[in-house]
Each structure stands twice: as structure tokens, then as C-alpha cells.
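Structure first, then comments.
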Amino acid sequence: MTYIVNENCIKCKYTDCVEVCPVDCFYEGENMLVIHPDECIDCGVCEPECPVEAIKPDTEPGLEKWLEVNQEYAEKWPNITTKRDQLPDAEKFESETDKFEKYFSSNPGAGD
């Protein structure tokens, strides 16, 4: 089992989760974060830190796509280990659905 980040993170990118991760397995894209599934130790401390419930165990049904997204982009994006401010319009996008098709960016973020 590992944890993954789903589309709730897109256009929000709260980073409370990276601050508590004991193994620094978060990677930063332009408008979301991902977890490297091979680095995650399944401790679960990040899950309750996310204010938009974007972090889930990969054992939940229907998350296969997100496991693939996390795996692919954790290999391409820079590591992030420090908390930063969320994206400027995060609150506006918190409850929006189908964000992957509308807003996902494959561009990397700044990282540490």
C-alpha cells in the first residue's frame, strides 16, 4: 500500500502534507503535488493534513489512474519538503470536480 494525491490537489496545492512527511516523498508540479509510491512508507501522517482530502490510500477503489499519475510525475518533478502558501485561488477551486481534464499541468513546480 502507498498513499497517492488525487485531483482535489489540482489548482489548490496546499503543502501542509510535505511538512509532516518523514521520508520526503512529495514532488511538485506547477499546480499540484504527487507522492512517489516507491518512496512512501505508508505511515499515513500526510492524509489528515490535507484540507481538501486529496491524499488517499491506493487501496481505495477507483484510484488506479492516480497511482499511475503519481508514479509518472514523481519521476519527473522536483522534490518538495517545505511548506509554502497554497495557490492564490485555491479556495475557489477546492470544491470543483473533474479538475484533471480541465486544469492538470504536466509542467514541474519549483521544488526546494
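In terms of my numbering, the sequence shown is residues 17 to 128. Positions of the beta carbon are idealized from the N, C-alpha and C atoms, including for glycine.
With a minimum length of 4 residues, the unbroken runs of alpha helix (DSSP H) contained wholly in the stretch 78 to 112 fall at 80 to 90, 106 to 109. Apart from the 5 residues on each side of it in sequence, Asp-128 sits with its Cβ closer than 8 Å to the Cβ of Pro-94, Asn-95, Ile-96, Thr-97, Thr-98 in its chain, given in chain order. Pro-64 carries a helical assignment under DSSP once its states are collapsed to helix, strand and coil. Annotated as distal: Cys-66 and Asp-114, with beta-carbon spacing of 8 Å or more. With 16 or more neighbouring CB atoms inside 10 Å of its own CB, Gly-45 falls in the buried class. Ranked by Cα distance from Glu-107, the first of Tyr-19, Glu-23, Cys-28 is Cys-28. Assignment of Tyr-19 by DSSP, reduced to helix, strand and coil, places it in the strand class.
With a threshold of 16 other beta carbon atoms within 10 Å, Met-17 falls short and is exposed. By the Cβ-count criterion, Ile-57 is exposed, with fewer than 16 other Cβ atoms from all chains shown falling within 10 Å of its own Cβ. About 20 Å separates the Cβ atoms of Ile-20 and Asn-123, ruling out a contact at the 8 Å cut-off.
In this structure, the CA atom of Glu-91 is about 17 Å from the CA atom of Val-34.
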